[in-house]
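Trainee: Residue numbers (the numbering used here), protein chains in the order written: chain A, 158 to 580; chain B, 285 to 593. For every residue, glycine included, the Cβ atom is placed at its ideal position computed from N, Cα and C. Below: one structure in structure tokens.
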């Protein structure tokens, strides 16, 4: 009996020892986490660089970057969640957040590392779109805003001063009129402004023009459509008037607004920070950037971003690693690398608002725009964008009265918001 | 080894040996067929049935599917966009199929008589069929552009016709896209028609000519009736193609898929958007069931109408 007891005890001890050993060796092994984003060359290169630096600082963690084409990206994330194998850290558009929280794809950032007070002090206020209740669900490395790109050569040819781009909507229309050119049959040879509803013009209308005419796009809590007012009507009349009344541009001229501008056949185009890298390759003419034209002295801008967030499935040591990685890619150092490689604006005020950046002829107007940019919550970005596209098309193609088109759009979009809230 | 095995194999060959040759052939046939049948059952029939079930749920990929009965169908039939899409889909079918068939028959009929450079001309007609639908759609999208870059509009302009909006018009966009789809499949249909024409015995034509029949009578009395199997095949094939049209529409209107204002959106594109942009899998499955019913009944109706009596 005694012998048996001893034998059993030594067996237990060896099992315990083995267990401790196994646990120890497990801790020494590297933790691998996955980071997902969509394919965009400069973004992927910047992230590869960031991962290299992060791994050098944190020898116990390896980060695997996984990328998908943009068209599939959101579907991949959702399908991965359905299959139970989502990433530990992911990039997501701010407008997807509600869907992702409802679908349990993301978890709140741990407050120990990411303190609300510090976030609100250091980041631009538009990051509040990642906050639900008292919790932040993600933080961006870089943010985007909008500005007016203009072709200096075409300004010069039209007798305008290329160093004095339009400041107000009236000056903007006047400049566009001077630049637009048509042939004998009335077809555009060159447009004053490249119109493109599907790209950025729907944002220009909803988040900028509506505000400049004294309205709001949505109620403060985002639950009600608020553009169905006189301000909304005036804004829509202004935008559609560019084609219908002033005849300074035409939807789908050169297929896409940015193509028309690149080809040197458009005097101006409203676009975002993300276009800078592409326009920098233009050789055939000089171009400039200026803050969006104001109305009645009112400035407005639309800020948006892809944020990084921690996947809901991350737990234990993977969660700890994900937390460290999140902190790293939200750091000042990461933002400087991102600005240099991708050309997108740093999300921290201290990094963005340096003397050099504000004075930069290209980044300056975007950074100044960020200060008064709004970022309204969205529940289904694609569906909401479609509502604006259809509203503008109804006015342009079916001559629907402004008021009716606006009413129809507001009703449709409100239904999208209501359906989401009811879930 | 051989001692222990031989009684068994003798037993098996006993059963096998007692089977008639025709039964053996059936057993062999089924043995070979088993694999594709199994494959089809798993990859085709099971998902189809699963699709029917999904159409009665509110599955959205993220949450557990909940049974909602016929709610998806009620929602679908009350949706004005669905009826617009329904009309579009039938517009592609009702105009696309007859135009495609008439055009390809006419070309095949005359091409059949051409001997000079026959092969080259036939190859030229067939070439578009070999090209990726997406690439072709993009080329046509640029053809249809407004001035100064659209080829079609510059031709119109040079003869004094005002520029047309084409893809930016709610009336012209659908015919413009349909034309691309017709052109894309023309080559295939011509080849099939020509094969059909060549299969008609020349003795019939010789006899008709000896009897003094005119070309018109030969066409309506001999050629068209004898081409019926070919025509049935092409009508069914082309109808299914138009009912499932997607590539051309999606690529030619990718800024606003199915637009402007849903004027070009076919059912398949609506299904795609419901499933993969809005993630309403249950609702998309209901739309798929409706498409299935339409495809099935139209194919059956055509086979019945064009059946050989």
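Using CA coordinates, which residue listed in 360/B, 584/B and 413/B is at the minimum distance from residue 517/B?
Mentor: Taking the first residue of the second chain as position 1, residue 517/B is located at position 233. Of 360/B, 584/B and 413/B, the residue nearest in Cα terms is 584/B.
Trainee: For residue 178/A, does the three-state DSSP call read helix, strand or coil?
Mentor: Indexing the first chain from 1 puts residue 178/A at position 21. Interpretation of residue 178/A is limited by its pLDDT of 45, a score under 50 that renders its predicted location unreliable; the figure taken from the coordinates is listed afterwards. Helix at residue 178/A.
Trainee: For residue 515/B, name the three-state secondary structure that DSSP assigns.
Mentor: Numbered from 1 along the second chain, position 231 holds the residue referred to as residue 515/B. Reduced to three states, the DSSP call for residue 515/B is helix.
Trainee: Anything in the segment 535-557 of chain A with a Cβ closer than 9 Å to a Cβ of chain B? List those residues in chain order, please.
Mentor: Going along the segment 535-557 of chain A in chain order, one finds 537, 539, 540, 543, 546, 547, 550, 551, 553, 554 and 555 with a Cβ nearer than 9 Å to chain B.
Trainee: Where DSSP assigns a beta bridge to residue 579/B, which residues make up the other side?
Mentor: Here residue 579/B corresponds to residue number 295 of the second chain, with the count starting at 1. Answer by DSSP bridge pairing: none, since residue 579/B is not bridged.
Trainee: On the three-state DSSP scale, how would you describe residue 304/A?
Mentor: Taking the first chain and counting its residues from 1, one reaches residue 304/A at position 147. Looking at residue 304/A - three-state DSSP - the assignment turns out to be strand.
Trainee: Which residues of chain B have a Cβ atom closer than 8 Å to the Cβ of residue 409/A, listed in chain order?
Mentor: Translated into the one-based positions of the first chain, residue 409/A becomes position 252. What residue 409/A touches in chain B: 429, 430, 451, 452 and 539.
Trainee: For the beta strand (DSSP E) containing residue 357/B, list its first residue and its last residue.
Mentor: By 1-based counting over the second chain, the position of residue 357/B is 73. Note, residue 357/B: premise wrong, no beta strand (DSSP E); alpha helix (DSSP H) at 355-361.
Trainee: Just the C-alpha distance for residue 271/A and residue 278/A, rounded to the nearest angstrom, thanks.
Mentor: Walking along the first chain from the start, residue 271/A turns up at place 114. Walking along the first chain from the start, residue 278/A turns up at place 121. Cα-Cα distance, rounded: 12 Å.
Trainee: Taking the DSSP output, what are the residues bridged to residue 497/A?
Mentor: Mapped onto the first chain, residue 497/A falls at position 340. Answer by DSSP bridge pairing: none, since residue 497/A is not bridged.
Trainee: Give every residue of the same chain whose Cβ lies closer than 7 Å to the Cβ of residue 260/A, excluding the five residues on either side of it in the sequence, and list them in chain order.
Mentor: Reading the first chain from its first residue, position 103 is the one you call residue 260/A. Closer than 7 Å at Cβ, skipping near neighbours: 235 and 238.
Trainee: Could you say if the segment 545-564 of chain B and the segment 454-461 of chain B meet the contact criterion of at least three C-beta pairs nearer than 8 Å?
Mentor: Taking 8 Å as the limit for Cβ pairs, the verdict is that the segment 454-461 of chain B does touch the segment 545-564 of chain B.
Trainee: At the level of alpha carbons, what is the spacing between residue 558/B and residue 321/A?
Mentor: The residue given as residue 558/B occupies position 274 in the second chain. The residue given as residue 321/A occupies position 164 in the first chain. Roughly 47 Å separates the two Cα atoms.
Trainee: Kindly indicate if chain B contains any beta-carbon less than 9 Å away from that of residue 422/A.
Mentor: As a working note, residue 422/A is residue 265 in the first chain. Cβ-Cβ to chain B under 9 Å: yes for residue 422/A.
Trainee: Helix or strand or just coil, what does DSSP make of residue 343/B?
Mentor: Reading the second chain from its first residue, position 59 is the one you call residue 343/B. Of the three classes helix, strand and coil, the one that applies to residue 343/B here is coil, per DSSP.
Trainee: Report yes if the C-beta distance between residue 503/B and residue 484/B is below 9 Å; otherwise report no.
Mentor: Here residue 503/B refers to the residue found at position 219 of the second chain. Here residue 484/B refers to the residue found at position 200 of the second chain. The answer is no: Cβ separation not under 9 Å.
Trainee: Anyone know if the C-beta pair for residue 409/B and residue 383/B falls short of 9 Å?
Mentor: Along the second chain, read from residue 1 onward, the residue named residue 409/B stands at position 125. Along the second chain, read from residue 1 onward, the residue named residue 383/B stands at position 99. Going by C-beta atoms, residue 409/B is not nearer than 9 Å to residue 383/B.
Trainee: Relative to chain A, which residues along the segment 315-349 of chain B have a C-beta separation below 9 Å, given in chain order?
Mentor: Flagged, chain order: 344, 345, 346 and 347.
Trainee: Nearest to residue 365/A by CA position, among 548/A, 202/A, 526/A and 190/A, is which residue?
Mentor: Locating residue 365/A in the first chain gives position 208, counting from the first residue. For the residues 548/A, 202/A, 526/A and 190/A, the minimum Cα distance to residue 365/A belongs to 526/A.
Trainee: Checking contacts by CB at 9 Å: is residue 256/A closer than that to chain B?
Mentor: Against the first chain, residue 256/A aligns to sequence position 99. Yes, its Cβ sits closer than 9 Å to a Cβ of chain B.
Trainee: Determine the DSSP secondary structure at residue 263/A, reduced to helix, strand or coil.
Mentor: By 1-based counting over the first chain, the position of residue 263/A is 106. Reduced to three states, the DSSP call for residue 263/A is strand.
Trainee: What does DSSP give as the partner residues of residue 247/A in its beta bridges?
Mentor: As a working mapping, residue 247/A is identified with position 90 in the first chain. Answer is 193/A and 466/A.
Trainee: For the segment 220-235 of chain A, list every residue whose C-beta sits within 8 Å of some C-beta in chain B, in sequence order.
Mentor: Against chain B - using a Cβ distance shorter than 8 Å - the residues of the segment 220-235 of chain A are 232 and 235.
Trainee: Would you mind sorting residue 459/A into buried or exposed? The rule is 16 or more other CB atoms within 10 Å of its CB.
Mentor: Within the first chain, the letter at position 302 stands for residue 459/A. Classification of residue 459/A: buried, given that the 10 Å Cβ count is 16 or more.
Trainee: Name the chain A residues that come within less than 7 Å of residue 433/B, Cβ to Cβ?
Mentor: For the purposes of this step, residue 433/B is identified with residue 149 of the second chain, where counting begins at 1. The contacting residues are 411.
Trainee: Counting only runs of 4+ residues fully inside the segment 393-432 of chain B, write out the alpha helix (DSSP H) ranges in chain order.
Mentor: Taking only runs of at least 4 residues, the alpha helix (DSSP H) segments lying wholly in the segment 393-432 of chain B are 402-414 and 417-427.
Trainee: Answer yes or no: do residue 470/B and residue 412/B have a C-beta to C-beta separation smaller than 9 Å?
Mentor: Residue numbering aside, residue 470/B sits at position 186 when the second chain is read from its first letter. Residue numbering aside, residue 412/B sits at position 128 when the second chain is read from its first letter. Yes; because the gap between Cβ atoms is below 9 Å, this pair is in contact.
Trainee: Specify, as a first and last residue, the run of the beta strand (DSSP E) that residue 362/A falls within.
Mentor: Counting from one through the first chain, the residue named residue 362/A turns up at place 205. Element bounds for residue 362/A: n/a, residue is neither H nor E.
Trainee: Can you grab the Cα-Cα spacing for the pair residue 385/B / residue 405/B, in whole Å?
Mentor: Numbered from 1 along the second chain, position 101 holds the residue referred to as residue 385/B. Numbered from 1 along the second chain, position 121 holds the residue referred to as residue 405/B. If I take the Cα positions, the gap works out to 19 Å.
Trainee: Return the bridge partner residues of residue 458/A from the DSSP annotation.
Mentor: Here the question's residue 458/A lines up with position 301 in the first chain. The partner list for residue 458/A (beta bridge, DSSP) reads 530/A.
Trainee: When DSSP labels each residue in this structure, what does residue 321/A get in the three-state scheme?
Mentor: As a first step, residue 321/A is located in the first chain; it is residue number 164 there, counting from the start. DSSP places residue 321/A in coil when its eight states are reduced to three.
Trainee: Considering only their Cβ atoms, is the gap separating residue 349/A from residue 398/A smaller than 9 Å?
Mentor: As a working mapping, residue 398/A is identified with position 241 in the first chain. As a working mapping, residue 349/A is identified with position 192 in the first chain. Against a cut-off of 9 Å, the Cβ pair of residue 349/A and residue 398/A comes out as no contact.
Trainee: Among residues of its own chain, excluding the 5 on either side of residue 515/A, which ones have a beta-carbon nearer than 8 Å to its beta-carbon?
Mentor: The residue labelled residue 515/A in the question sits at position 358 within the first chain. Around residue 515/A: 521, 524 and 525.
Trainee: Under DSSP, the beta strand (DSSP E) around residue 444/A begins and ends at which residues?
Mentor: Along the first chain, read from residue 1 onward, the residue named residue 444/A stands at position 287. Element bounds for residue 444/A: 444-447.
Trainee: What are the boundary residues of the alpha helix (DSSP H) that includes residue 546/A?
Mentor: As a position in the first chain, residue 546/A is number 389, starting the count at 1. Unbroken alpha helix (DSSP H) run through residue 546/A: 538-555.
Trainee: State the DSSP-derived secondary structure class of residue 350/B, mapped to helix, strand or coil.
Mentor: If you number the second chain from 1, residue 350/B lands on position 66. Correct three-state label for residue 350/B: coil.
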